[in-house]
Amino acid sequence: MAARTFVEKIFDAECGSIVFKKPNIVLTHDNTASIKKTFEKMGGDKVADPNQLLIVLDHNAPPTNAKLASQYQQVRDIVKYQGVDKFYDAGKGICHQIMSYHAEPGMVIVGSDSHTCTAGAFNAMAAGIDRTEAAGLWKRGETWFRVPETMKVTLKGKLKPGVYAKDISLWIIGMIGSDGADYMSIEYHGEGIKSLTISQRMTLANLASEMGAKNAVFPPDEILADFYGKNNIEGVWADQGAKYAKEIEIDLGEIYPLVAAPHHVDNVKAVSEVQGTKAHQGVIGTCTNGRLEDIRIASEILDGKQIADGFQLLVIPASQKIYLQMIEEGLITKLINAGATVLSASCGPCLGTGQGIPADGFTVISTANRNFKGRMGNKEAEIYLASPATVAYSAVSGEISDPRGERHNDKFPYQKETTSTVDIPSDENRKIGNVWNYVDADNINTDQMFAGNLTYNILSSDPEAIMPHLFAGFDENFPENVAAGDVVIAGENFGCGSSREHPAVGLAHAGVKAVIVKSSNRIFYRSCINQGLALIVNPEIVDTYNPGDKVDIDFNNGIVKVGEREIKFAPLPGKLMEIIEKKGLVNAMKEA
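Start counting the sequence shown at -8; every next residue gets the next number (this note's numbering).
And the structure:
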């Protein structure tokens, strides 16, 4: 048998295959209330396997309004009715941190959140899905997987003082771009990984989502065995000689403190390049950097110091267990004495729904994972992403500062063209005939398509309520003018960002005939299929289109006619085309 990658072994199939498999764990969070409604539309009553389910209330914990509070109670009722044992109520922690209590080597884990990939730190195959797919899993217990290509990342050496796992992740993202690992599995290899703790590995696995990857995974080595209190541990790992789509090697000793500057995660710069930028708010926490190790680092830096006048520092532990450890170690006392505000364990202001929304004109430096325009709930704020140490030093000085305690002259070496944010003025018409022309727009993210702070106030199972907000953060003319039979044409990495399915639900409900893009985010691609929305990935079609060209699509023969030119596209595999033909997974499941 030929040498195989991690994912080829997990799925027991070659790269490119479509396989059906029953995941060991199906994670959902605040979106469980919406998933239940979709589950019922599929004809569901009792879930196929309640032992599969892990449900955590975290994104709006504690609820900030009566509607959210009522949804939380609905989730508690669901848990009781379905007999779900793995349930964590508000305040227990962020779902990806809670997953560390349940993930085991060799597991297949899916979750209705894009950062489910964090569990790859535990040698699990962990990937995000959308809400509709989660509902399908509730009913049938299994789902489809495409066995992806794999990128091998070899780490050597050790990090220098003041440099952390967040900096490694930003280094890779800046090197390859936010879609550089699109739909890939990332394997971490090399002697360098032996110097990385499980917390650091969780940070690296978490940020695979911001590289466009399906998942990231670490080997079942002695570091992982020690985490489980064992001398050695069984797991799954790639064979020597496995075939990789991409390979990169990084010397950890060459990395220095980095930030992702506004308004995209691949706009990576050395801290040295932005040092002195005035900052108004800091956030230490989230599923990326809210672990005890992260907060110890920040507390040590802040101990005996005061944060700058007018600066607001929020610290949010990733779990209640971490919160209690912070109390036992005296970390909270140090943080509060320094002027920080410590919030209960939750996602906090990361997606713009909890406490800590920044004011107009604020510059925020955060340990979170995304800095799209409007990500934290205010389009008039700018967000820098950095390590906990960089955030802590910046909080003291009131400006972005180097965590090594002195000025350096580093310059990030990869001058890859960074993503620009396209703003469409209200008086600009992007619809000609039935075609919406966004050819010039790469990385249109799900926050632009449907604002994060609406995600839980408007359920994805309510398409009519979605429509007034669809694409409103990107093109305010879209909601009023989109019509059945329209075609959307856009650039690279379409639908990047969170796993929220609202945009795909809205586009399908509007009757959009197809979305044609150069490349697409993996979860958005799945969401389109699950909603019965045709998404065609073909750069040639996008490059051929000129404003005013008529676009005709022949799905049966796989042909798109742009003006007078005919271009072939690869049809979907038969099983996925069946979902499209049945107008989505809900109908397919109802008929199953």
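Don't be surprised by glycine CBs; every beta carbon is placed ideally from N, CA and C.
Keep in mind it's a predicted model, so treat the numbers as computed, not measured.
- Give the single residue among A94, A117, E95 whose Cα lies nearest to the Cα of G102. A117
- Item | Host beta strand (DSSP E) of I480 (start-end) | 478 to 481
- Query: Below 8 Å between beta carbons: does that hold for L249 and G148?
  - Reply: no
- Message: If you measure between the beta carbons of A309 and A336, is that distance less than 8 Å?
- Response: yes
- Item | Pair within 8 Å by beta-carbon distance, I85 and V70 | no
- By a C-beta neighbour count over all protein chains shown, 10 Å radius and 16 as the cutoff for buried, is Q297 buried or exposed? exposed
- Task: Write down every uninterrupted run of the alpha helix (DSSP H) in the stretch 92 to 131 whose length is 4 residues or greater and which is fully enclosed by it, in chain order.
- Result: 122 to 131
- Rounded separation between N15 and K0 - CA only: 16 Å
- Query: G539 to G424, Cα distance in whole Å?
  - Reply: 7 Å
- Query: Where N22 and L450 are concerned, what is the direct C-alpha to C-alpha distance, given to the nearest angstrom?
  - Reply: 8 Å
- Beta carbon of L195 nearer than 8 Å to that of S160: yes
- Considering only residues of the same chain and omitting the five flanking positions on each side of N472, which have a CB-CB separation below 8 Å? K422
- Task: Could you tell me the distance, in whole angstroms, from the CA atom of D477 to the CA atom of P404?
- Result: 42 Å
- Going straight from the alpha carbon of D466 to that of V413, what length do you get? 10 Å
- Message: Any contact between the stretch 204 to 221 and the stretch 167 to 187? By contact I mean 3 or more CB pairs, one from each, below 8 Å.
- Response: yes
- Query: So, is F(-3) buried or exposed, given that buried needs 16 or more other C-beta atoms within 10 angstroms?
  - Reply: buried
- Nearest-angstrom Cα distance between A495 and V10? 23 Å
- Could you round the C-beta distance between G368 and T332 to whole angstroms and report it? I think they count as a contact, below 8 Å. Not quite, the Cβ-Cβ distance comes to about 17 Å (not below 8 Å), so this is no contact.
- Tell me whether the beta-carbon of I292 lies closer than 8 Å to the beta-carbon of Y155. no
- Item | CB of G171 within 8 Å of CB of R395, strictly | no
- What is the DSSP secondary structure of R137, reduced to helix, strand or coil? strand
- Query: Is it buried or exposed for L315, if we count other Cβ within 10 angstroms and need 16 for buried?
  - Reply: exposed
- Between the Cα of E319 and the Cα atoms of G301, I288, L283, which residue gives the shortest distance? L283
- Task: Please state whether DSSP places V66 in a helix, a strand or coil.
- Result: helix
- Query: Among the residues of its own chain, which have a CB less than 7 Å from the CB of G575, if the five just before and after it don't count?
  - Reply: A499, N521, Q522, G523
- Sequence-distant residues of its chain with Cβ nearer than 8 Å to E531 (five each side left out): I558
- Task: Please name the residue, chosen from Q266, K234, A236, Q64, that lies closest to R398 on a Cα-to-Cα basis.
- Result: Q266
- Query: Do C487 and N548 have their CB atoms nearer than 8 Å?
  - Reply: no
- F560 versus A252, E238, V533, D294, residue with shortest Cα-Cα distance: V533
- If we call anything under 8 Å between Cβ atoms a contact, is V259 one with G165? yes
- Message: Going by C-alpha to C-alpha distance, which of A380, I348, T358 sits closest to A372?
- Response: I348
- Query: What's the gap between the Cα of H20 and the Cα of E555?
  - Reply: 48 Å
- Task: Tell me whether H254 sits in a helix, a strand or coil according to DSSP, three-state version.
- Result: coil
- Put W228 into one of helix, strand or coil per three-state DSSP. coil
- Supposed contact pair V551 and I527 - C-beta distance, whole angstroms, cut 8 Å: 7 Å
- Message: Given this structure, state the Cα-to-Cα distance separating P585 from P416, to the nearest angstrom.
- Response: In the structure displayed, the chain extends from -8 to 583; residue 585 sits before or after that span and is not available.
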